[in-house]
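Have a look at the structure below before the remarks.
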Amino acid sequence: MPGDTRRADIQPQQRKKTDAALIVMCGGMPMSTRHVCRIVRQLTSEMVAFAGERTLVRRDRRRSVCHIRQIAMYVCHVALGISLSDIGISFGKDRTTVGYACNVVEDRRDDPGFDEFVSVLERITASVFGKMESAIND
119 MPGDTRRADI QPQQRKKTDA ALIVMCGGMP MSTRHVCRIV RQLTSEMVAF
169 AGERTLVRRD RRRSVCHIRQ IAMYVCHVAL GISLSDIGIS FGKDRTTVGY
219 ACNVVEDRRD DPGFDEFVSV LERITASVFG KMESAIND
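Note that the sequence shown covers residues 119 to 256 in our numbering.
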């Protein structure tokens, strides 16, 4: 099919661009955004556990994992300045999903307790990684 041929021509170019976009500078050392995002997700998970959430039943656990991922995506974007596209690639999601996650977290920040939690997480993340700089000039 003509559509399949054209699609195969586009994919290698996209892979090259996304591979290059995944390298960032962290404290003067190159690091992949996938690795950084994974660390931020784990940090978020540990902070949620530290905050003393009750043991969750299976349905609530799935929801909790989703909220943790949304918060981690938000922190990666806001505190570290990683683009939505790069965060999406790192989490295996689309950039629009990352945008939605950022909007959800921003809306939840109206709650003072949640806002304080996210603020602390942003400060910790920023102190660990500092402001991210792209290693590849676009």
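Each residue gets a CB set at the ideal place from its N, CA and C atoms; glycine is no exception.
Is residue j closer than 8 angstroms to residue i when the C-beta atoms are compared?
{"i": "Val238", "j": "Val223", "result": "no"}
{"i": "Ile189", "j": "Thr162", "result": "yes"}
{"i": "Val166", "j": "Ile186", "result": "yes"}
{"i": "Ser208", "j": "Arg152", "result": "yes"}
Classify residue i as helix, strand or coil using the three-state DSSP reduction.
{"i": "Ser201", "result": "coil"}
{"i": "Ser245", "result": "helix"}
{"i": "Ala139", "result": "At Ala139 the pLDDT is 47, less than 50, meaning the model places this residue with poor confidence and gives no usable figure here."}
{"i": "Val238", "result": "helix"}
{"i": "Arg125", "result": "The predicted position of Arg125 is uncertain, since its pLDDT is 37 and thus under 50; no value can be drawn from it."}
Can you give the beta carbon distance from residue i to residue j, rounded, assuming they're within the 8 angstroms contact cut?
{"i": "Asp264", "j": "Arg241", "result": "Residue 264 lies beyond the residue range present for the chain, which begins at 119 and ends at 256; the question has no answer from this structure."}
{"i": "Val158", "j": "Thr243", "result": "6 angstroms"}
Whole alpha helix (DSSP H) runs in the segment 148–234 with 4 or more residues, listed along the chain? As far as the segment 148–234 is concerned, its whole alpha helix (DSSP H) runs of at least 4 residues are 151–168, 176–196, 202–209, 213–226.
Contact the segment 185–197 vs the segment 212–221: 3+ CB pairs below 8 angstroms: Because the criterion of three Cβ pairs below 8 angstroms is met, the segment 185–197 and the segment 212–221 touch.
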